[in-house]
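Undergrad:
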Amino acid sequence: MEQIVSAISGFFTDAGPGGVVVLAVIVLASFVYFVVIRWILQADEDELSAPPKAGRDFRQRSFNK
Amino acid sequence: MPEQRTNKDEVSILAPLREVTNGDRLLWAILVGLVGFGGYAYYQQWTSGLGVTGLNRPVYWGVYITNFVFFIGLAHSGTFISAILRLAGAEWRKPLTRAAEAITIFSLPFGVSSILIDMGRPERAFNVIFYGRFQSPLLWDFTAVSLYMFSSVVFFYLSLLPDIALCRDRLTEVPAWQQWMYRLLALGWQGSRQQYHRLERVLDGMAIFMTMLVVTVHTVVSWVFGMTVQPGWHTALIGPFFLLGAIFSGTAAVVIALAVLRRVYHLEAALPVSLFNSLRKLLIVFTLGWLYMMVAEYLTTFYGSLSDEMAVFWQKFTGDFAWMFWLMVVLVFVLPLIIYVFLGKDRIGWMVTASVLVNIGMWLERYVVIVPTETRPRLLYELVIGTYSPTWIEGAITLALFSGMILLYAVFTRYFPIVPVWETAEVVDEAVETTPRRRWGIQRAGTK
Amino acid sequence: MTRWSMVIDLDKCVGCQGCSIACRFENNTPVVKPEEAIKGRAMRWNDVFPLPINPNEESGEYPNVKTHYLTRPCMHCDNPPCVKVCPVRATFKNDEGLVQQNYARCIGCRFCTVACPYGVRYFNWYEPEWEGSLAVHLNPDRIESEDDLEGPAVRPKGVVEKCTFCIHRLQKARARADSEKRAFRGDEYIPACVQTCTGKARFFGDLDDPESTVSLLAKSPRAFRLLEDVGTHPKVIYLKEG
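Chains as they are written, first to last, in the numbering used here: chain L, 1 to 65; chain F, 1001 to 1448; chain E, 2001 to 2242.
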């Protein structure tokens, strides 16, 4: 327990931001990959393959109303 | 609506997954045994200390660090084929991508393990995170390799996902646990057009990122040596040299893997000879590229004749390491070039032979970069022995690393299709009826 | 600022190796077995070795042999290549110019060891051992705390060690001055090798103090440093024979 506490306090008090960089990179990558995988899987089956351009979409919606 | 894709080779690609033979079990048992033996060797080292190796003063880095560089180098095969060739639009690469990426994800852990095995206090590995100094090349290594390993797994998994769903749907006679595994890992993939579209876009994006990572990873690995001031290591060329060497040995490893898979799993239709011919052209370029790097490095050293550099130079060319250096030149350059150019076309057997020689030679090459420099420090008269004889422990551990990689690969090929079914399939276009035709912004009546 | 430095007069050095012996007893340097020593694994923080006069010439035939000896501690460079590469700050330069080594944090990667162009670093290949009476007479002075083990502290296997310019003696001298409520003087701090030297060839002091012996000797026309062109700025200054 003390080892964990001293290790954590050492992490925050020591010179050298190296550990922070490594963790930040991995955490950022994890977040990006999680979001990306979710995005892929949540694709709506009925939607078209090419996302319609914003202009057309707007027009399409206004027609449908 | 699920996108319709058909693959004429689907049956032969999925065939290996439908049973595990006794031959497999024997192979796996042998490999597990070799890994276990390596584990025993490591246990000796763990309890006694690194003294059980042949390392000494001044050769503080030897076989383990060679393994580290070699396995990380092998990993570049997958990324080269999947990511770089994808960006280049080389469609012929498609049947190879998974087999190549599997080499990546199954060699990286052994590269990383090699570092842990080499450490004097491996239980303190996390000190690198808690007290890490980003000024040290080892931290660049840690970051780059971790990110590369993580990204490769994600890239691999995403490329595999539609095929896991295929297994889920097609392989109904496999054991229940295996079906459960497919269902779990498929993450509910439906194969809709939109999903495929998004997947392709993500893979395109990741291909760019992975290409940048590949360049970064092996360059920072080389900088562990390049950033010291030691003769033979401290050269600006070391980054590109290692990078080319990695892609070279990795591509040769892909040839070996493909040839074995083709033979053992009867994938002649899915992996035609033309693939090997395409790889052959790349390997010829890499062989010549390697020669270029060697000439650039050693001619420059020789011409400059700095005495510290020349001490290491002569160690390699005529000294204690001459036999290894010239053997490496023969195995990496002379024989492979002759074989690739004159004998390799349409002949898979010769391609494999040359590729095996390349990989043996590249392992020697890493050794020849690392050890001779250590045996000729600037203050030569400090030297006590200046030689290095690896012990059985280092040999057993090295053998275990290779066995482990082959084991993971072999097991993988029995549970997942090694040729991507979805990527090599043809898309049957069903979408016509759901696409509203638009002219001048006005919708056709009757469409959604 | 303070910059601790050592001057070694090679004219006075007789190659007796008293410095090496004093160092190993002061710092509890582990002893290795003969078969390990043959493999080049002996640990000598201060090493004495023969130095060829001209590497291309013979050293002569007995009894007309010409040999010189060099005694070499850690250079405690001002631009240390070892400190640059340590991934965990187990080795670092303090603000008095001493390159320290913390056994408690070292992960045993040996990057510092291969980076040092002088070969002053040594690795514990096995658990340190002292046989017989050696084990009884370990130096009790040591730098030892939960996360900091330096100098003569008993170290585990798998860590790197090197000459510290007897930093524990510096701490002791400072503590003594504090307890006696007076200022610490630079000449109270003497590493073991300097104290022992039979030929009175070694000098130690603050290079930033213009009056110190080392500062004055550093200006000698005989003064040189090892591998000056590598850019490490070593703080061990030799006075060449002549």
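No residue lacks a Cβ here, since even glycine has one placed at the ideal position from N, Cα and C.
When the Cα of E/Asn2139 is compared with those of E/Pro2234, E/Arg2024 and E/Ala2218, which residue comes out closest?
TA: Checking every option, the nearest Cα to that of E/Asn2139 belongs to E/Arg2024.
Undergrad: Could you check what DSSP says for E/Asp2095 in three-state terms: helix, strand or coil?
TA: Coil, per DSSP.
Undergrad: Which two residues bound the contiguous beta strand (DSSP E) that contains E/Asp2148?
TA: Element bounds for E/Asp2148: Asp2148 to Glu2150.
Undergrad: Would you please state the rounded distance, in angstroms, between the beta carbons of F/Thr1097 and F/Pro1420? I believe it to be under 8 Å.
TA: Yes, F/Thr1097 and F/Pro1420 are in contact; Cβ-Cβ is about 6 Å, under 8 Å.
Undergrad: When you compare each of E/Gln2101, E/Lys2084 and E/Val2085 to E/Thr2091 by their alpha carbons, which one comes out closest?
TA: It is E/Gln2101 whose Cα lies nearest to the Cα of E/Thr2091.
Undergrad: Considering only their Cβ atoms, is the gap separating E/Gly2199 from E/Arg2222 smaller than 8 Å?
TA: No, the pair does not count as a contact, with Cβ atoms beyond the cut-off.
Undergrad: Kindly list the residues whose CB is nearer than 6 Å to the CB of F/Arg1018, restricted to its own chain and excluding five residues on each side of it in sequence; keep chain order.
TA: The answer is none, since no qualifying residue turns up.
Undergrad: Just to confirm, are E/Phe2111 and E/Pro2087 a CB contact at a threshold of 8 Å?
TA: Going by C-beta atoms, E/Phe2111 is nearer than 8 Å to E/Pro2087.
Undergrad: Are F/Ser1012 and F/Ala1259 closer than 8 Å when you measure CB to CB?
TA: Result no, Cβ atoms of F/Ser1012 and F/Ala1259 do not sit closer than 8 Å.
Undergrad: With which residues is E/Ile2008 paired in a DSSP beta bridge?
TA: According to DSSP, which records beta bridges pairwise, E/Ile2008 is partnered with E/Arg2202 and E/Tyr2238.
Undergrad: Can you tell me the Cα-Cα spacing of F/Leu1187 and F/Ile1072, whole angstroms?
TA: Roughly 30 Å separates the two Cα atoms.
Undergrad: With respect to the alpha helix (DSSP H) encompassing E/Leu2170, which residues constitute its N-terminal and C-terminal limits?
TA: Unbroken alpha helix (DSSP H) run through E/Leu2170: Ile2167 to Ser2179.
Undergrad: Contact check, F/Val1229 vs E/Val2120 under 8 Å by CB: the rounded distance?
TA: Actually they are not in contact, since the Cβ atoms of F/Val1229 and E/Val2120 sit about 14 Å apart, beyond 8 Å.
Undergrad: Would you give the residue range spanned by the beta strand (DSSP E) that E/Ser2145 belongs to?
TA: Run containing E/Ser2145: Ile2143 to Ser2145, per the beta strand (DSSP E) assignment.
Undergrad: Decide yes or no for the touch test of the segment 1186–1206 of chain F against the segment 1153–1162 of chain F: beta carbon pairs closer than 8 Å, at least 3 of them.
TA: Touching, yes.
Undergrad: Taking Cβ to Cβ, would you say F/Ala1100 is nearer than 8 Å to F/Ser1082?
TA: Yes.
Undergrad: So the alpha helix (DSSP H) F/Thr1079 belongs to, where does it begin and stop?
TA: Looking at the DSSP string, the run of the alpha helix (DSSP H) that includes F/Thr1079 is Val1063 to Thr1079.
Undergrad: For F/Gly1386, I'd like the list of residues in its chain whose CB is within less than 6 Å of its CB, leaving aside the five on either flank, ordered along the chain.
TA: Result list for F/Gly1386: Thr1375, in chain order.
Undergrad: Exposed or buried, L/Ala24, counting other C-beta atoms within 10 Å across all chains shown (16 or more means buried)?
TA: Exposed, because fewer than 16 other Cβ atoms sit within 10 Å of the Cβ of L/Ala24.
Undergrad: Classify E/His2068 as helix, strand or coil using the three-state DSSP reduction.
TA: DSSP places E/His2068 in strand when its eight states are reduced to three.
Undergrad: E/Asn2027 and E/Val2266 - do their beta-carbons sit closer together than 8 Å?
TA: In the structure as shown, chain E starts at 2001 and stops at 2242, and residue 2266 of chain E therefore has no counterpart that could be examined.
Undergrad: When you compare only the Cα positions, how much space is there between E/Arg2089 and F/Gly1062?
TA: E/Arg2089 and F/Gly1062: Cα-Cα distance of roughly 24 Å.
Undergrad: Do F/Val1295 and F/Phe1276 have their CB atoms nearer than 8 Å?
TA: No, the Cβ-Cβ distance between F/Val1295 and F/Phe1276 is not below 8 Å.
Undergrad: Can F/Tyr1064 and F/Ile1117 be called in contact, C-beta distance under 8 Å?
TA: Contact: yes.
Undergrad: Report yes or no: do three or more beta-carbon pairs, one from the segment 1033–1043 of chain F and one from the segment 1388–1398 of chain F, lie closer than 8 Å?
TA: These segments touch.
Undergrad: Chain F beta carbons: is any one of them nearer than 8 Å to that of L/Val27?
TA: Cβ-Cβ to chain F under 8 Å: no for L/Val27.
Undergrad: Using a Cβ-Cβ cutoff of less than 7 Å, which residues in the same chain neighbour E/Gly2018 once the five nearest sequence positions on both sides are dropped?
TA: Excluding residues within five positions, the ones whose Cβ falls inside 7 Å are Thr2196, Cys2197 and Thr2198.
Undergrad: Could you have a look at F/Ser1192 and say whether DSSP puts it in helix, strand or coil?
TA: Strand.
Undergrad: How would you call E/Val2014, buried or exposed, if buried means at least 16 neighbouring beta carbons within 10 angstroms?
TA: Result: exposed.
Undergrad: What distance in whole Å lies between the Cβ atoms of E/Gly2108 and F/Arg1121, which are believed to be in contact at a cut-off of 8 Å?
TA: Contact flag correct, Cβ pair sits at about 5 Å.
Undergrad: Is F/Val1032 closer than 8 Å to F/Leu1407 when the C-beta atoms are compared?
TA: Yes; because the gap between Cβ atoms is below 8 Å, this pair is in contact.
Undergrad: Check whether the Cβ of L/Val35 lies closer than 8 Å to any Cβ atom in chain F.
TA: Cβ-Cβ to chain F under 8 Å: no for L/Val35.
Undergrad: At which residues does the alpha helix (DSSP H) containing E/Glu2036 begin and terminate?
TA: Pro2034 to Ile2038 is the extent of the alpha helix (DSSP H) around E/Glu2036.
Undergrad: Whole angstroms is fine: what's the gap from E/Asp2147's alpha carbon to E/Pro2050's?
TA: Going by the C-alpha atoms only, they are around 39 Å apart.
Undergrad: Could you pull the start and end residues of the beta strand (DSSP E) that F/Val1419 belongs to?
TA: It is not in any beta strand (DSSP E) - F/Val1419 carries neither H nor E in the DSSP assignment.
Undergrad: So what's E/Asp2208 in DSSP terms, helix, strand or just coil?
TA: The answer is coil: DSSP assigns E/Asp2208 none of H, G, I, E or B.
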